[in-house]
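Please read the structure below before turning to the comments.
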Amino acid sequence: QIHGVWALKTSCFSNYSGSPSPHSSQLYLLYHQHHISTSFILSFLQTTMASLTLLLFASLLLQPHTSFSLTTTCSSQKFSKNRFFANCTDLTKLNSYLHWSYDSSKSSLSIAFIATPSKPSGWIAWAINPFSTGMLGSQALIAYRQGNGSMTVGTFNVSNYKGVEPGKIAFEVPEMEAEYVDGVMRIYATVVLTKAVGTVVNQVWQVGDGVTGGIPNIHGFTPDNLNSKATLDLVKGESNNNGGGGGGDSRLRKKNIHGVLNAVSWGIMFPLGVIIARYMRTFKSADPAWFYLHAFCQFSAYVIGVAGWATGLKLGSQSVGIVYKNHKNIGIALFCFATLQIFALLIRPKKEHKFRIFWNIYHHSVGYSIIVLGIINVFKGLDILKPEEKYKTAYEIVLIVLGGVALLLEAITWIVVLRRKSNKATLPYNGNDRE
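Position 90 (the sequence shown) corresponds to 90 in UniProt numbering; numbering is contiguous.
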């Protein structure tokens with residue numbers, strides 16, 4: 001093989017008489033520059049893809065969570081009107097606290113729930129769910145500030161996700177009161193429980209950012225909002241903050257999977273596939289390898305994207321009344337465009353066909369539309385999920401890397417094209433055409 005390569009190089013540099021040929025030298029120089037440039041591009045793309053893959057796997061392994069440090073503890077809190085409660089707990093979510101006393105002879109539970117609303121005009125809620133561990137079916141006490149600044153608290157039966165209205169709940173509530181001090185709200189109440197509830201109850205708490213016409217606005221969907229639940233042992237005086245079942249955790253996990261799949265597909269792999277097609281095709285030695293690499297990348301992105309899209313539809317069907325219209329519509333458009341791109345390959349004209357130029361215009365237009373819509377929808381999804389800022393920053397870094405790679409390759413390929421034209425212009429005329 002070495003001898004063959006040497007013979008090829010010798011033949012490129014010499015004519016039949018053994019003397020160097022300027023024509024042959026220019027051809028070899030052009031080939032040599034072209035070969036080095038192609039090798040560099042392939043190596044560069046491989047390194048970039050490997051780095052992005054490692055970053056994506058790291059994102060898959062990490063589970064979004066939100067942590068905070070409590071600025072105080074329940075044991076140090078004091079109450080107006082000399083109120084006293086036998087037990088208290090620092091709830092681990094939403095910077096909230098619960099104080100309670102239980103009179104078993106009367107099945108009477110007295111509570112003080114303390115939390116900071118999302119905004120001063122927001123609301124706080126504490127509830128018991130006699131049916132399950134989540135929000136649906138909970139019997140809630142919700143407090144908020146009225147237009148005149150005074151506090152009000154009411155009972156709400158959370159029977160669906162479409163919205164709640166004040167009304168009678170499953171328990172008697174002979175006493176209710178609310179306070180607002182220095183941005184913190186407090187609910188005081190006495191709840192008479194039924195025997196069917198037992199002495200270990202499922203508690204749920206929540207905060208929101210506003211109230212419209214006496215109806216609390218939908219709360220946020222951060223990990224803390226979705227996991228603000230626990231069990232409360234009324235006899236032992238204990239709150240198991242890790243309790244409450246895995247329904248919220250499972251739903252959050254599905255949202256995380258939906259987000260990761262779509263970020264990888266529409267937000268990373270599709271742009272990477274376009275970069276491969278746009279820049280590798282410049283190098284003749286990369287043909288047809290660039291096409292198969294491009295097709296593999298785009299088809300893989302399509303499969304992953306469809307899985308993420310289906311996960312989103314499932315989440316939507318489980319969240320009746322909670323609709324993110326723009327996010328959903330863009331997702332449907334992406335699925336339609338990507339499916340169209342896949343099936344359009346079956347009717348792709350040959351390079352020499354007169355309609356090939358129109359097919360190329362369509363293919364490029366739809367492809368770039370997928371990239372733009374995909375990136376926009378990834379950011380809309382991040383705004384909905386509200387993970388820790390580092391996850392959004394990580395995706396922004398990936399986009400910056402892809403953008404930097406594209407700019408660098410744009411410059412390199414232009415240099416290669418201009419040199420190729422320059423070299424062709426300086427080649428001697430052979431009587432038929434320039435070689």
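All C-beta atoms in this analysis are idealised placements derived from N, C-alpha and C, irrespective of residue type, glycine included.
Which of helix, strand or coil DSSP assigns to residue i
i: E352; result: coil
i: I169; result: coil
i: S104; result: coil
i: N423; result: helix
i: D383; result: helix
i: T89; result: strand
i: E396; result: helix
i: V306; result: helix
i: Q77; result: coil
i: V372; result: helix
i: F84; result: coil
Outcome for residue i when other beta-carbon atoms lying within 10 angstroms are tallied against a minimum of 16
i: T133; result: buried
i: W414; result: exposed
i: T212; result: exposed
i: I347; result: exposed
i: A310; result: exposed
i: H353; result: exposed
i: C336; result: exposed
i: Y391; result: buried
i: T194; result: exposed
i: Q146; result: exposed
C-alpha distance - residue i paired with residue j, whole-angstrom precision
i: T10; j: W290; result: Because T10 sits at a pLDDT of 40, beneath the cut-off of 50, its placement in the model cannot be relied upon, and the point is left open.
i: A178; j: L382; result: 35 Å
i: D224; j: A125; result: 14 Å
i: L232; j: T199; result: 8 Å
i: K83; j: A307; result: Correcting the residue type first, residue 83 is Arg in the shown sequence and not Lys. Going by the C-alpha atoms only, they are around 54 Å apart.
i: I215; j: G122; result: 11 Å
i: V192; j: K106; result: 7 Å
i: R419; j: A394; result: 38 Å
i: R278; j: E389; result: 33 Å
i: L315; j: S80; result: 44 Å
i: V303; j: C297; result: 10 Å
i: A218; j: V405; result: Per the sequence shown, the amino acid found at residue 218 is Ile instead of Ala. Looking at the two C-alpha atoms, the distance is approximately 42 Å.
i: Q139; j: V201; result: 12 Å
i: M176; j: W100; result: 14 Å
i: A143; j: T155; result: 9 Å
i: F171; j: Q203; result: 14 Å
i: V197; j: D90; result: 23 Å
Pair every Cβ in the stretch 116-133 with every Cβ in the stretch 258-271, then say whether three or more of these pairs are closer than 8 Å.
The stretch 116-133 vs the stretch 258-271: no contact.
Within the UniProt domain "DOMON" (94-208), note down every full beta strand (DSSP E) run reaching 3 residues or more, in order along the chain.
Correct list: 96-103, 108-115, 123-129, 139-145, 151-157, 172-181, 184-192, 200-208.
Is there contact here, the stretch 361-375 with the stretch 229-242, by at least three beta-carbon pairs under 8 Å?
Taking one beta carbon from each stretch, the stretch 361-375 and the stretch 229-242 have fewer than 3 pairs nearer than 8 Å; the two do not touch.
Runs of beta strand (DSSP E) wholly within the stretch 205-239 (minimum 3 residues, chain order)
List check, beta strand (DSSP E) in window: 229-233.
Which parts of the stretch 260-311 are runs of the alpha helix (DSSP H), unbroken and 4 residues or longer, counting only runs that do not cross its ends?
Fully enclosed alpha helix (DSSP H) runs of 4 or longer: 270-280.
Are at least three pairs of beta-carbons, each pair with one atom in the stretch 180-191 and one in the stretch 100-114, less than 8 Å apart?
Yes: the two stretches touch, three or more of their Cβ pairs being nearer than 8 Å.
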